[in-house]
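J.: Residue numbers (the UniProt record's numbering): 1 to 236. By construction, the Cβ of each residue, glycine as well, lies at the ideal position given by its N, Cα and C atoms. I'd like to ask you about the structure that follows.
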Amino acid sequence: MERWRNRVAVVTGGSSGIGAAILMDLAEAGVTVVGLSRHPDCIRTVDLTPEARNRVHPVHCDVSDEEAVKNTFKWVDDNLGGVDILVNSAGVLHQGLLTDPNTIQQIRETFDVQIMGTLFCTREAFQSMKRRNFDGHIININGIAGHTVVDTLQLSSLFCTNYVASKFALTAMHETYRQEFANAGTKVKVSSISPGMTNTSIGGYLIDNYEMPILNPKDVSNAILYCLGTPPHVQV
């Protein structure tokens, strides 16, 4: 992690869960961190040493709002010199079936945050890295739900079918980004982290209703730090 010291990371969904965990770990590792959230005041309450807290910039940003994302990344470019690391961890989870006409708003929000939000932030971060000819790193928080469709017949609820669909889309986006970054002549790395059930506000419903192994946000943050710590020629 030494090569990232004093570099700039943008972490979406930085006020809770996995986003908050990686925000804290990066700040403690000497990285300047811009935490994006619809609730930035929550970022100001995370437990950090005074030195690390001085490196954290909470910013109000709805990642599903393209103009808000563009303005936020422009602020990072103008005030901090540009983005070196991006962690796309913002997410939402709604119960409901894709075929239920009453859940269209929840489905739209799921894809707006997890797909369009990732698209907007990744585009702006990549352009910042490319302009400065910097070999940055973009990390997408996916999940096992992005690789295996849960059998809803085995569960006693409607589960989160729209969430699974969005994560599968993120899996395809990840491979597309890998190819696009290489074809653009850059060495910007992109990694996809796919944890299982994690103890966050999103996973709370399943934790309360089903017995299953569970990770902590810190466990996922450790995986992200591992990816960032790999040599330039290694891509996870």
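Around the Cβ of LYS167, are there at least 16 other Cβ atoms within 10 angstroms (buried) or fewer (exposed)?
T.: With 16 or more Cβ atoms within 10 Å of its Cβ, LYS167 is classed as buried.
J.: Do you know how far the Cα of MET129 is from the Cα of TRP4?
T.: The straight-line gap from Cα to Cα measures roughly 14 Å.
J.: Can you find the residues in the same chain that come closer than 8 Å, C-beta to C-beta, to PRO57, ignoring five residues on each side of it along the sequence?
T.: One detail in the question is off: residue 57 reads as His in this sequence, not Pro. Result list for HIS57: THR32, VAL33, VAL34, GLY35, LEU80, in chain order.
J.: From ILE193, ALA223, TYR163, pick the residue whose C-alpha is nearest to that of LEU97; which is it?
T.: Nearest of ILE193, ALA223, TYR163 to LEU97, Cα basis: TYR163.
J.: Could you tell me the alpha carbon to alpha carbon distance between MET116 and MET24, rounded to whole angstroms?
T.: About 25 Å.
J.: Does THR99 pass the burial test, meaning 16 or more other C-beta atoms within 10 Å, or should it be called exposed?
T.: It counts as exposed.
J.: Take every Cβ of the segment 9-20, pair it with every Cβ of the segment 81-89, and state whether three or more of those distances are shorter than 8 Å.
T.: Touching, yes, given that three or more Cβ pairs across the two stretches are closer than 8 Å.
J.: Give the DSSP bridge partners of LYS189, in chain order.
T.: Its beta-bridge partners are HIS137.
J.: Once DSSP output is grouped into helix, strand and coil, what is the label at PRO58?
T.: Of the three classes helix, strand and coil, the one that applies to PRO58 here is strand, per DSSP.
J.: ARG7 to THR148, Cα distance in whole Å?
T.: Those two C-alpha atoms are separated by around 35 Å.
J.: Indicate the three-state DSSP secondary structure (helix, strand or coil) for ILE104 in the structure shown.
T.: If DSSP states are grouped into helix, strand and coil, ILE104 belongs with the helices.
J.: DSSP puts ALA9 in a beta bridge; with which residues?
T.: In DSSP, ALA9 forms a bridge with VAL33, ILE85.
J.: Given a threshold of 16 other Cβ atoms within 10 Å of its Cβ, counted over all protein chains shown, does ASP78 qualify as buried or as exposed?
T.: Per the 10 Å Cβ criterion, exposed.
J.: Quick check on THR200: does DSSP put it in helix, strand or coil?
T.: DSSP places THR200 in coil when its eight states are reduced to three.
J.: Quick check: the segment 216-232 against the segment 191-200, are there 3 or more CB pairs under 8 Å?
T.: Yes, the segment 216-232 touches the segment 191-200.
J.: Would you list the residues sitting across from LEU215 in a DSSP beta bridge?
T.: According to DSSP, LEU215 bridges with THR198.
J.: Please classify ARG131 as buried or exposed, where buried requires at least 16 neighbouring CB atoms within 10 angstroms.
T.: ARG131 is exposed by the Cβ-count criterion.
J.: Which word fits ALA27, buried or exposed, when buried means at least 16 other C-beta atoms lie within 10 angstroms of its C-beta?
T.: Buried, since its Cβ has 16 or more Cβ neighbours within 10 Å.
J.: Look up GLN235 in the DSSP assignment and say whether it is helix, strand or coil.
T.: Three-state result, GLN235: coil.
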